[in-house]
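This report concerns only the one structure given below.
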Amino acid sequence: MSDGGSGYLETLRSIAEMAGSVEADKSPETSEGLAMPHDGVAPGSCVLKRLPARLLVRAAEIAIHVNPLNAPHLVGMGGVTSNGRAVPSPQRISVVRQKYWGPSARQLPVSFMEDTPIDLQDRIIAHLNAWAQTSCVSFVRTNDVGTVRISRGPGGYYSYLGTDVLLIPQGQQTMNLEGFTMQTSEAEYRRVVRHEAGHTLGFPHEHMRGGLVARIDRDKAYVWFWENYGWDPLTVDQQVLTPLDEASLFGTPVDQTSIMCYQLPASITKDGQPIVGGLDINTADYLFAGSIYPKLALQMAPGQAADWDEKDDVMAPDVHAGLRQTGLAPAGV
Numbered sequence: 016m017s018d019g020g021s022g023y024l025e026t027l028r029s030i031a032e033m034a035g036s037v038e039a040d041k042s043p044e045t046s047e048g049l050a051m052p053h054d055g056v057a058p059g060s061c062v063l064k065r066l067p068a069r070l071l072v073r074a075a076e077i078a079i080h081v082n083p084l085n086a087p088h089l090v091g092m093g094g095v096t097s098n099g100r101a102v103p104s105p106q107r108i109s110v111v112r113q114k115y116w117g118p119s120a121r122q123l124p125v126s127f128m129e130d131t132p133i134d135l136q137d138r139i140i141a142h143l144n145a146w147a148q149t150s151c152v153s154f155v156r157t158n159d160v161g162t163v164r165i166s167r168g169p170g171g172y173y174s175y176l177g178t179d180v181l182l183i184p185q186g187q188q189t190m191n192l193e194g195f196t197m198q199t200s201e202a203e204y205r206r207v208v209r210h211e212a213g214h215t216l217g218f219p220h221e222h223m224r225g226g227l228v229a230r231i232d233r234d235k236a237y238v239w240f241w242e243n244y245g246w247d248p249l250t251v252d253q254q255v256l257t258p259l260d261e262a263s264l265f266g267t268p269v270d271q272t273s274i275m276c277y278q279l280p281a282s283i284t285k286d287g288q289p290i291v292g293g294l295d296i297n298t299a300d301y302l303f304a305g306s307i308y309p310k311l312a313l314q315m316a317p318g319q320a321a322d323w324d325e326k327d328d329v330m331a332p333d334v335h336a337g338l339r340q341t342g343l344a345p346a347g348v
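Encoded structure:
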């Protein structure tokens, strides 16, 4: 890796660690009204919304168009057009799972489906933008129909994944935050709104990493999710028990304290240990966001580049003199 790349990663890590520690200090697990049952599971799980099956190929094509890095494994596969360009088959395209927006800075316009007070809009958007401490993608309010459309109506908590939001009809929400008001606890804003923002950025559920799925007892999970959330086995399979394609996570280690991970009780795991889950964005989350969406401000962080008045620039004779002093140039230069 180049010195520039190394410098960026060092800066990113410092910012991520700082952000993660600050958020941890601000985010008590129980003191701000987050009800915690005896088994330590927070109420109100998120459902990662899926597109109709008829749109899977189109969604993958759009994801690749927005960000070719969403399908690096498809390069060179499939048929060939008349100009010699490779075209992956629909069957190959349909299995694309990455829906990231790409490494260029961008703002995602946000609108609200219901009449929503400005202070509530501001609070929600501020929590969506918690990721922007290390990410170059941010959320901005619009008075038009937003790319991201938020409802606070019935339906629980959910979002579509990354670029999939582009295929949702404009009259429908892309994110649901049922019942959120100014009276909702700060802890719940951190746990839910930031989690859903992660999905809109393209981040999947961390508890669906293979290493965590392997710890879950399938039959016990079916019973527990039915009793607690009314989920049928198919929903449990889709939202909990189907391991992610590890390639989409770029080799990052499994992190059961990620904001993107459900809290799951010991009663449904094979080893009798709970899957801890995350209540806020942690340092590893910030690092991952910054690696997927590198922020130019971090690449040009203070201390990496200096400046002074042009009239003070060192001219050639002084450069040569400095070289002679160090023995790096012959005296005659």
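According to the numbering used here, the sequence shown is numbered sequentially starting from 16. Ideal placement from N, C-alpha and C gives every residue a C-beta, glycine not left out. These figures come from a predicted structure and were not determined experimentally.
Alpha carbon of residue i to alpha carbon of residue j, nearest angstrom
{"i": "D12", "j": "P332", "result": "Residue 12 lies beyond the range of the chain shown here (16 to 348); nothing can be said about it."}
{"i": "M128", "j": "K64", "result": "18 Å"}
{"i": "D234", "j": "I283", "result": "8 Å"}
{"i": "G305", "j": "G217", "result": "13 Å"}
{"i": "R69", "j": "F195", "result": "32 Å"}
{"i": "A120", "j": "S153", "result": "8 Å"}
{"i": "W241", "j": "D247", "result": "6 Å"}
{"i": "G117", "j": "G177", "result": "10 Å"}
{"i": "A74", "j": "N85", "result": "11 Å"}
{"i": "E76", "j": "I183", "result": "15 Å"}
{"i": "M223", "j": "E193", "result": "24 Å"}
{"i": "V81", "j": "G287", "result": "43 Å"}
{"i": "I165", "j": "A281", "result": "34 Å"}
{"i": "E221", "j": "T157", "result": "31 Å"}
{"i": "N297", "j": "V255", "result": "21 Å"}
{"i": "T257", "j": "A299", "result": "23 Å"}
{"i": "T162", "j": "E211", "result": "15 Å"}
{"i": "P83", "j": "V72", "result": "15 Å"}
{"i": "L135", "j": "Q198", "result": "10 Å"}
{"i": "T189", "j": "L66", "result": "11 Å"}
{"i": "D130", "j": "Q187", "result": "15 Å"}
{"i": "L279", "j": "N243", "result": "12 Å"}
{"i": "V56", "j": "L249", "result": "The pLDDT assigned to V56 is 37, lower than 50, so where the model puts this residue is not dependable; a value taken from the coordinates is nonetheless given after this. For V56 and L249, the distance between alpha carbons rounds to 22 Å."}
{"i": "D159", "j": "Q185", "result": "11 Å"}
{"i": "W239", "j": "G245", "result": "9 Å"}
{"i": "Q271", "j": "V251", "result": "18 Å"}
Coil, strand or helix - residue i by DSSP
{"i": "N191", "result": "strand"}
{"i": "S306", "result": "helix"}
{"i": "I283", "result": "helix"}
{"i": "Y244", "result": "helix"}
{"i": "Y173", "result": "strand"}
{"i": "I296", "result": "coil"}
{"i": "V163", "result": "strand"}
{"i": "L63", "result": "strand"}
{"i": "I290", "result": "strand"}
{"i": "P52", "result": "For P52, the predicted model reports a pLDDT of 35, less than 50, meaning its position is unreliable; a value from the coordinates is still stated below. In the structure shown, P52 sits in coil (DSSP, three-state: anything other than H, G, I, E or B)."}
{"i": "V251", "result": "helix"}
{"i": "V155", "result": "strand"}
{"i": "A68", "result": "helix"}
{"i": "L84", "result": "helix"}
{"i": "D270", "result": "coil"}
{"i": "D260", "result": "coil"}
{"i": "P184", "result": "coil"}
{"i": "Y277", "result": "coil"}
When the options are compared against residue i, the one with the closest alpha-carbon
{"i": "I79", "options": "V62, K114, L70 and L71", "result": "K114"}
{"i": "Q253", "options": "V228, T267 and E193", "result": "V228"}
{"i": "S200", "options": "W239, H142, N82 and P83", "result": "H142"}
{"i": "V125", "options": "G226, I139, G305 and P67", "result": "I139"}
{"i": "G170", "options": "K285, V62, T298 and A281", "result": "V62"}
{"i": "P364", "options": "S166, L181 and F303", "result": "The shown model of the chain, from 16 to 348, leaves out residue 364, and the question about it has no answer."}
{"i": "S273", "options": "P67, D295 and T178", "result": "D295"}
{"i": "V291", "options": "I231, V251 and Y308", "result": "I231"}
{"i": "R206", "options": "L66, G293, Q136 and Q122", "result": "G293"}
{"i": "G213", "options": "P83, V72, L66 and Y301", "result": "Y301"}
{"i": "C276", "options": "G226, A145 and Y308", "result": "G226"}
{"i": "A133", "options": "G245, V155, L66 and N243", "result": "Note that residue 133 is Ile in the sequence shown, not Ala. When only C-alpha atoms are compared, the closest one is V155."}
{"i": "R209", "options": "T250, L279 and W146", "result": "W146"}
{"i": "K285", "options": "A236, D137 and V180", "result": "A236"}
{"i": "N144", "options": "T215, P289 and W239", "result": "T215"}
{"i": "Y172", "options": "C151, W239, Y204 and I307", "result": "Y204"}
Exposed unless 16 or more other CB atoms sit within 10 angstroms - verdict on residue i
{"i": "P219", "result": "buried"}
{"i": "A202", "result": "buried"}
{"i": "T149", "result": "buried"}
{"i": "K310", "result": "buried"}
{"i": "N191", "result": "buried"}
{"i": "L123", "result": "buried"}
{"i": "D137", "result": "exposed"}
Heavy atom of the ligand COA within 7 Å of residue i beta-carbon
{"i": "A145", "result": "No copy of the ligand COA occurs in the structure displayed, which carries no ligand at all."}
Exercise for the section: Within the region 111–148, note down every full alpha helix (DSSP H) run reaching 4 residues or more, in order along the chain. Expected result: Counting only runs of 4 or more residues that sit fully inside the region 111–148, the alpha helix (DSSP H) segments are 133–143, in chain order.
Practice task
Can you check the region 194–235 for any alpha helix (DSSP H) of at least 4 residues that lies completely inside it and give the ranges in chain order?
Solution key: Listed in chain order, the alpha helix (DSSP H) runs fully inside the region 194–235 are 209–215 and 225–228, counting runs of at least 4 residues.
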